[in-house]
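Chemist:
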Ligand code: COA
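In the working numbering, the protein residues as written are -10 to 420.
(1) How about residue 320: is its Cβ closer than 7 Å to a heavy atom in ligand 1?
(2) Shorter than 7 Å, the distance from the beta carbon of residue 227 to the closest heavy atom of ligand 1, or not?
(3) Taking buried to mean at least 16 other C-beta atoms within 10 Å of its own C-beta, is residue 136 buried or exposed?
(4) Between 326, 22, 317 and 373, which lies nearest to residue 84 when the distance is taken from Cα to Cα?
(5) Sorry if obvious, but does the Cβ on residue 324 come closer than 7 Å to a heavy atom of ligand 1?
(6) Exposed or buried, what is residue 288 when buried is set at 16 or more other beta-carbons lying within 10 Å of its beta-carbon?
(7) When the cut-off is 8 Å and only beta carbons count, does residue 361 lie next to chain D?
(8) Per the contact definition of three or more C-beta pairs closer than 8 Å, is the region 140 to 152 in contact with the region 270 to 286?
(9) For residue 312, does the three-state DSSP call read helix, strand or coil?
(10) Tell me the rounded alpha-carbon separation between residue 184 and residue 207.
(11) Compute the Euclidean distance between the alpha carbons of residue 59 and residue 35, then round it to the nearest angstrom.
(12) Out of 302, 295, 147 and 219, state which residue places its alpha-carbon closest to the alpha-carbon of residue 349.
(13) Across which residues does DSSP place residue 167 in a beta bridge pair?
(14) Near residue 4, what residues of its chain come up, given a Cβ to Cβ distance below 7 Å and the 5 sequence neighbours on each side ignored?
(15) By DSSP, does residue 303 sit in helix, in strand, or in coil?
(16) Mind pulling the alpha helix (DSSP H) runs of 4 or more residues that sit fully within the region 352 to 399?
(17) Could I get the ranges of all uninterrupted alpha helix (DSSP H) runs contained in the region 255 to 295, with 4 residues as the minimum, in chain order?
(18) Look at the Cβ atom of residue 164, then the Cβ atom of residue 124, and state whether they are nearer than 8 Å.
(19) Taking the alpha carbon of residue 11 as the reference point, which residue from 138, 115, 76 and 112 has its own alpha carbon closest?
(20) When every heavy atom of ligand 1 is checked, does at least one fall within less than 7 Å of the C-beta of residue 205?
(21) Beta-carbon within less than 8 Å of residue 20's beta-carbon, same chain only, minus the 5 sequence neighbours each way: which residues are those?
(22) Excluding the five sequence neighbours on either side, which residues of its own chain have a C-beta within less than 6 Å of the C-beta of residue 459, listed in chain order?
(23) Please give me, in chain order, every unbroken run of the alpha helix (DSSP H) with length at least 4 that falls completely inside the region 63 to 87.
(24) Quick one, are the C-beta atoms of residue 393 and residue 307 less than 8 Å apart?
(25) List the DSSP bridge partners of residue 16.
(26) Among all the DSSP beta bridges, which residues are the ones paired with residue 317?
(27) Considering only the beta carbon of each residue, do residue 156 and residue 113 sit closer than 8 Å?
(28) From 23, 50, 53 and 64, pick the residue whose C-alpha is nearest to that of residue 41; which is it?
(29) What's the gap between the Cα of residue 86 and the Cα of residue 382?
(30) For a test of the three-state rule: what should DSSP assign to residue 240, helix, strand or coil?
(31) Can you tell me which of 118, 370, 76 and 414 puts its alpha carbon nearest to the alpha carbon of residue -9?
(32) With a 10 Å radius around its C-beta and 16 neighbouring C-beta atoms as the bar for buried, classify residue 355 as buried or exposed.
(33) Evaluate residue 95 with the Cβ neighbour count: other Cβ atoms within 10 Å of its Cβ, from every protein chain shown; 16 or more gives buried, anything less gives exposed.
(34) Since residue 141 and residue 108 are thought to touch, with beta carbons under 8 Å apart, how far apart are those beta carbons, to the nearest angstrom?
(35) Enumerated in chain order, which unbroken segments of the alpha helix (DSSP H) with a length of 4 residues or greater are wholly contained in the region 198 to 235?
(36) Would the region 244 to 262 count as touching the region 224 to 231 if we require 3 or more Cβ pairs under 8 Å?
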């Protein structure tokens, strides 16, 4: 039977497809902008019949209905990264956070946390019946790795066809067709502080470097100041519209990359329709699973690898809290440590953590003598490289604890430096 006939036979409505979900199942929801909204909505419509369905998801950019209080007995989030809706659920005891490096998640999903059902959105099939994972390959692809997992494919003609990783229609238990627009990420607002940080970070990037850029205003600000660089490359867990602008200018051409020369390498994408059109059938881009892209040993095979990420708090030893406010989880480790470690092991590479010197409108210093009680150490003092604020940068590698404290106080907001100096003086390790 040709794949076209098999395709037609597997097509059902979303409500029909999600009937395979049973009480107590563990269900994977496709990641971030790749979220299969029609399937998720249909699953939530079954809230009255289902109990204790565990949802493995990371960045939830949809409506997050499954974690609303009224659905708490039916669905429980149990994942490795929090966003607005899932953060609320975890804070209120209706969901759970699982600590795990991003590159290790596929292994988790095929061993310790096996999946019963995977809800995955993909592109329309090519002539061989292969669909592309489009904007979300990352851990989503691992959803289909165990033969026992039931795979529900939401095929969307608006999903860009990206090269690198595919799923054949043979693997689908059911297919649901959908035509709604892929979730878009609004462009972040960049203020004066982010601009200053962007300029400092951009100065640290040499021509011919390969970049990983995290999510948010700071990576976007950095991109603005990379316009006069040459021959940059991209090996990153995710990228957004800013990279398209650099590619259009010829600043990013991937020509000096020592791994996958000439290709952008990424695992998921979040941006506007402009980004999605740029990546559609673009043979310069490879979208690969997260256990390859974020593996520190793979990252390190890129010479001059520069990782650029954000954080919430750094103490005077250089320990970073990038994922919690006190004991309450805000986000997760994501790929921060994967890239910090990979970049540090790359020939000529460096890892940069960039953060505004203050939070809450200047009321709180992000450089602190001690992390808040219960805060997560996301990146340890042993892994950390350079720290940048709007007041400059501190390269911490090779500095002893006293030197680290001094270097970090120098880039703290001036309003907090005196207090930090007093705290350092009172701590015999830092005096
Ligand atoms: N104390 C208390 N609150 C703080 C704080 C601090 N030191 N630092 C930040 N906050 C608050 C902010 O006020 C803001 O609150 P709001 O949501 O109520 O407005 C919130 O925390 C987020 O801070 P912000 O600086 O706006 O975050 P961001 O969008 O730039 O993201 C991280 C920063 C650290 C949360 C994010 O980069 C992350 O999750 N990193 C870990 C994962 C990672 O790096 N992955 C690799 C790249 S994709």
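Where is the CB? At the ideal position from N, CA and C, for every residue including glycine.
Modeler: This is what the structure gives:
(1) Position 331 of the chain shown, counted from the first residue, corresponds to residue 320. Yes, since a heavy atom of ligand 1 falls inside the 7 Å radius drawn around the Cβ of residue 320.
(2) Along the chain shown, read from residue 1 onward, the residue named residue 227 stands at position 238. Residue 227: yes, Cβ under 7 Å from ligand 1.
(3) In the chain shown, the residue the question calls residue 136 occupies position 147. Result: exposed.
(4) Walking along the chain shown from the start, residue 84 turns up at place 95. When each option's Cα is compared against that of residue 84, the closest is 317.
(5) Within the chain shown, numbered from 1, the residue matching residue 324 stands at position 335. Answer for residue 324: yes, Cβ within range of ligand 1.
(6) Translated into the one-based positions of the chain shown, residue 288 becomes position 299. So residue 288 counts as buried.
(7) The structure shown contains no chain D; it is built from a single protein chain.
(8) yes
(9) On the chain shown, position 323 is the one that residue 312 refers to. Note: residue 312 maps to coil in three-state DSSP.
(10) On the chain shown, position 195 is the one that residue 184 refers to. On the chain shown, position 218 is the one that residue 207 refers to. Distance between the alpha carbons of residue 184 and residue 207: 8 Å.
(11) Residue numbering aside, residue 59 sits at position 70 when the chain shown is read from its first letter. Residue numbering aside, residue 35 sits at position 46 when the chain shown is read from its first letter. So the alpha carbons of these two residues sit roughly 13 Å apart.
(12) Taking the chain shown and counting its residues from 1, one reaches residue 349 at position 360. Considering only alpha carbons, the answer is 302.
(13) On the chain shown, residue 167 is found 178 positions in, with the first residue counted as 1. 145, per the DSSP bridge assignment.
(14) Looking up residue 4 in the chain shown gives position 15. Result list for residue 4: 31 and 34, in chain order.
(15) Mapped onto the chain shown, residue 303 falls at position 314. Strand, per DSSP.
(16) 390 to 399
(17) 262 to 268, 279 to 282 and 285 to 288
(18) Taking the first residue of the chain shown as position 1, residue 164 is located at position 175. Taking the first residue of the chain shown as position 1, residue 124 is located at position 135. For residue 164 and residue 124, no; Cβs fall outside 8 Å.
(19) Here residue 11 refers to the residue found at position 22 when the chain shown is read from its first residue. Taking only the C-alpha atoms, the option nearest residue 11 is 138.
(20) The residue you call residue 205 lines up with position 216 of the chain shown. Under cutoff, so the answer is yes.
(21) Here residue 20 refers to the residue found at position 31 of the chain shown. So the list reads 46, 47, 48, 125, 127, 128, 129 and 257, once near-sequence residues are dropped.
(22) Residue 459 lies beyond the stretch modelled for the chain, which goes from -10 to 420, so this question has no answer here.
(23) 73 to 80
(24) As a working mapping, residue 393 is identified with position 404 in the chain shown. As a working mapping, residue 307 is identified with position 318 in the chain shown. Yes, Cβ-Cβ distance for residue 393 and residue 307 is below 8 Å.
(25) Locating residue 16 in the chain shown gives position 27, counting from the first residue. In the DSSP output, where bridge partners are listed per residue, residue 16 has 44 and 106.
(26) Here residue 317 is taken as the residue at index 328 of the chain shown, counted from 1. Answer is 314, bridged to residue 317.
(27) To locate residue 156, count along the chain shown from 1; it is residue 167. To locate residue 113, count along the chain shown from 1; it is residue 124. No, the Cβ-Cβ distance between residue 156 and residue 113 is not below 8 Å.
(28) Residue 41 sits at position 52 when you count from the first residue of the chain shown. Of the listed residues, the one whose Cα sits closest to residue 41 is 64.
(29) One-based indexing of the chain shown puts residue 86 at position 97. One-based indexing of the chain shown puts residue 382 at position 393. Distance between the alpha carbons of residue 86 and residue 382 is about 32 Å.
(30) Mapped onto the chain shown, residue 240 falls at position 251. DSSP places residue 240 in coil when its eight states are reduced to three.
(31) On the chain shown, residue -9 is found 2 positions in, with the first residue counted as 1. Comparing Cα-Cα distances from residue -9 to each of 118, 370, 76 and 414, the minimum goes to 118.
(32) Taking the chain shown and counting its residues from 1, one reaches residue 355 at position 366. Flag for residue 355 reads buried.
(33) Start at 1 with the first residue of the chain shown, and residue 95 comes out as number 106. Buried.
(34) In the chain shown, residue 141 corresponds to position 152, counting from 1. In the chain shown, residue 108 corresponds to position 119, counting from 1. The pair is a contact, with the Cβ atoms about 5 Å apart (cut-off 8 Å).
(35) 206 to 213
(36) yes
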